[in-house]
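Trainee:
In the working numbering, the protein residues as written are 621 to 872.
#1: When the distance is taken between beta carbons, is residue 663 closer than 8 Å to residue 681?
#2: On the three-state DSSP scale, how would you describe residue 690?
#3: Are the beta-carbon atoms of residue 728 and residue 802 separated by less than 8 Å?
#4: Closest by CA to residue 792, which one among 657, 770, 667 and 666?
#5: For residue 673, collect the residues of the same chain with a Cβ closer than 6 Å to its Cβ; drop the 5 residues on either side in sequence, then sort them by chain order.
#6: Candidates 698, 819, 730 and 775: which alpha carbon is nearest residue 840's?
#7: Which parts of the stretch 795–842 are runs of the alpha helix (DSSP H), unbroken and 4 residues or longer, counting only runs that do not cross its ends?
#8: Short check: CB of residue 635 to CB of residue 766, under 8 Å?
#9: What are the boundary residues of the alpha helix (DSSP H) that includes residue 660?
#10: What would DSSP say about residue 593, mapped onto helix, strand or coil?
#11: Go through its chain and collect everything with a Cβ distance to residue 804's Cβ below 8 Å, but skip five positions before and after it.
#12: What are the residues that DSSP puts in a beta bridge with residue 738?
#13: Taking buried to mean at least 16 other C-beta atoms within 10 Å of its own C-beta, is residue 686 buried or exposed?
#14: Hey, quick one: how far does the beta strand (DSSP E) through residue 643 stretch, first residue to last?
#15: Could you check what DSSP says for residue 782 in three-state terms: helix, strand or coil?
#16: Quick check: residue 837 and residue 810, are their CB atoms within less than 8 Å of each other?
#17: Excluding sequence positions up to five away, which residues of its chain have a Cβ less than 7 Å from the Cβ of residue 815?
#18: How long is the line joining the alpha carbons of residue 760 and residue 647, rounded to whole angstroms?
#19: For residue 764, collect the residues of the same chain with a Cβ closer than 6 Å to its Cβ; drop the 5 residues on either side in sequence, then sort them by chain order.
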């Protein structure tokens, strides 16, 4: 369940010491209730997802109860490192493929390209382009989510503010929307330039689309928001931040 073969999981672990930071010097016990609730649920409903979140909230509780209160981005990072995104993708894979194929086909037709959509296949000049599960760019959703948290952590540290969980969730929702848009651009480009999966440009175009249509716009949006309204989004001033590596060592 911990997705040891998944790059996105390790990406979240690598960035955790930067995303998770100290916001108050006093200990806090807000995660105790969530940990107990999840453990109670496990008595009635055995689920790997509940095991994961029970363990995750338990670790956050230990961190805050022994050391200090941390920012709300830690909760969103816990979600990003879980398999929730992939569970949703596995359940709705076929319908998502059809919808993305239809949107891409309609967009290309609107731009004047001779395209026809049949199921999850886009025909252009008689050549079929099948939208396979690996081509949907669903992995980019998790990657974009983690990178969005990294950008939020950067501006929190830069302006010494703490973003409430509900606002951080909205920001991450915007990032996911931009990631989906970048993936539609990628699919359209693959069809227009007739780039096949065995072409190195297939993966390179995915990375380029993520940078240009998701990371850059999201960074500029957050820079504008934090720079203009940093006094309104600040819920608490952050003391001098300490690295979490030493605290992790003590917990381990």
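Glycine is no exception: its CB is placed at the ideal position from the N, C-alpha and C atoms. In this text the structure is predicted, and so the values were computed from the model without any measurement.
Mentor: Considering the structure as presented:
#1: Taking the first residue of the chain shown as position 1, residue 681 is located at position 61. Taking the first residue of the chain shown as position 1, residue 663 is located at position 43. Taking 8 Å as the cut-off, the Cβ atoms of residue 681 and residue 663 do not count as close.
#2: Your numbering for residue 690 matches position 70 in the chain shown. Residue 690 falls in the strand class under three-state DSSP.
#3: Within the chain shown, the letter at position 108 stands for residue 728. Within the chain shown, the letter at position 182 stands for residue 802. No, these two residues do not count as a Cβ contact at 8 Å.
#4: Taking the chain shown and counting its residues from 1, the one referred to as residue 792 is at position 172. The candidate whose alpha carbon is nearest that of residue 792 is 770.
#5: As a first step, residue 673 is located in the chain shown; it is residue number 53 there, counting from the start. Cβ neighbours of residue 673 beyond the five flanking positions: 658.
#6: If you number the chain shown from 1, residue 840 lands on position 220. Looking from the CA of residue 840, the closest CA among 698, 819, 730 and 775 belongs to 775.
#7: 820–830
#8: Position 15 of the chain shown, counting from 1, holds the residue named residue 635. Position 146 of the chain shown, counting from 1, holds the residue named residue 766. It is a contact, given that the beta carbons lie within the stated cut-off.
#9: The residue you call residue 660 lines up with position 40 of the chain shown. Per DSSP, residue 660 belongs to the alpha helix (DSSP H) from 650–664.
#10: For the chain, the structure presents residues 621 to 872; residue 593 sits outside this window and is missing.
#11: Translated into positions along the chain shown, residue 804 becomes position 184. Taken in chain order, the residues that qualify are 720, 723, 724 and 727.
#12: If you number the chain shown from 1, residue 738 lands on position 118. Answer is 741.
#13: Translated into the one-based positions of the chain shown, residue 686 becomes position 66. Counting Cβ neighbours within 10 Å, residue 686 comes out exposed, since fewer than 16 surround it.
#14: Here residue 643 corresponds to residue number 23 of the chain shown, with the count starting at 1. Unbroken beta strand (DSSP E) run through residue 643: 642–644.
#15: Working through the chain shown from its first residue, we reach residue 782 at position 162. Reduced to three states, the DSSP call for residue 782 is coil.
#16: Taking the chain shown and counting its residues from 1, one reaches residue 837 at position 217. Taking the chain shown and counting its residues from 1, one reaches residue 810 at position 190. Their beta carbons are not under 8 Å apart, which means residue 837 does not touch residue 810 by this criterion.
#17: Stepping through the chain shown from its first residue, residue 815 is reached at position 195. Excluding residues within five positions, the ones whose Cβ falls inside 7 Å are 821, 822 and 825.
#18: Here residue 760 refers to the residue found at position 140 when the chain shown is read from its first residue. Here residue 647 refers to the residue found at position 27 when the chain shown is read from its first residue. Roughly 36 Å separates the two Cα atoms.
#19: As a first step, residue 764 is located in the chain shown; it is residue number 144 there, counting from the start. Excluding residues within five positions, the ones whose Cβ falls inside 6 Å are 795, 799 and 834.
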